[in-house]
Amino acid sequence: MNLDNSFKSKIYKAVKNIPRGKVATYEQIARLAGSAKAYRAVGNTLHNNPDPKNILCYRVVKKDGSLAKNFSFGGEKEQKKLLQREGVVFIDNKVDLEKHLIK
DNA sequence: CAGTTGACGGCCC
DNA sequence: GGGGCCGCCAACT
Numbered sequence: 738m739n740l741d742n743s744f745k746s747k748i749y750k751a752v753k754n755i756p757r758g759k760v761a762t763y764e765q766i767a768r769l770a771g772s773a774k775a776y777r778a779v780g781n782t783l784h785n786n787p788d789p790k791n792i793l794c795y796r797v798v799k800k801d802g803s804l805a806k807n808f809s810f811g812g813e814k815e816q817k818k819l820l821q822r823e824g825v826v827f828i829d830n831k832v833d834l835e836k837h838l839i840k
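Residue numbers (this note's numbering): 738 to 840.
(1) Return yes when at least one heavy atom of the ligand COA lies under 8 Å from the C-beta of Ile828, else no.
(2) Measuring only the C-alpha atoms, how far is Gly780 from Gln816?
(3) In angstroms with no decimal places, state the Cα-to-Cα distance between Ala770 and Ile792.
(4) Can the beta-carbon of Cys794 be found closer than 9 Å to that of Val832?
(5) Where does Ser746 fall in DSSP's three states?
(6) State the beta-bridge partners of Leu838 as determined by DSSP.
(7) Measuring alpha carbon to alpha carbon, tell me which residue in Asp788, Val798, Leu783 is nearest Val825.
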């Protein structure tokens, strides 16, 4: 469970808090984790991703809606396919933030 | 303990 | 429009 009170746990929990068919930016995750400017740590920590099967890190995108360059799942194309499978619309290899980005 | 890194973001050239 | 530099924070070595 959430015995570890580190930022990591907050980040993971925030990511898991993202509803299906929605995406969040690193800024959003960082904010949920406690600091909006901690997006750096979010990216670094999520790359450390200890449990990708439980942590839907592929729902986390950049502020432009574009995906990260190296994902634990296999790559941007894989992440893109997973998101599309959940109903997320992609435009020019980017997520339609207007429809799927969490407010 | 100090230095480096890193799935980023924003501003400058 | 594209590329590069700086800045923020936490984790890793």
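No residue lacks a Cβ here, since even glycine has one placed at the ideal position from N, Cα and C.
Walking through what the data contain:
(1) Here there are no bound small molecules, and the ligand COA is not part of this structure.
(2) Taking the first sequence and counting its residues from 1, one reaches residue 780 at position 43. Taking the first sequence and counting its residues from 1, one reaches residue 816 at position 79. Using only the alpha carbons, I get a separation of about 16 Å.
(3) Residue mapping note: residue 770 aligns to position 33 of the first sequence, counting from 1. Residue mapping note: residue 792 aligns to position 55 of the first sequence, counting from 1. If you take the alpha carbons of Ala770 and Ile792, they lie about 14 Å apart.
(4) Position 57 of the first sequence, counted from the start, is the residue given in the question as residue 794. Position 95 of the first sequence, counted from the start, is the residue given in the question as residue 832. Taking 9 Å as the Cβ cut-off, Cys794 and Val832 do not qualify as a contacting pair.
(5) Start at 1 with the first residue of the first sequence, and residue 746 comes out as number 9. Of the three classes helix, strand and coil, the one that applies to Ser746 here is helix, per DSSP.
(6) The residue labelled residue 838 in the question sits at position 101 within the first sequence. According to the DSSP secondary-structure assignment, Leu838 is paired through a beta bridge with Val760.
(7) Along the first sequence, one-based indexing puts residue 825 at 88. Answer by Cα proximity: Val798.
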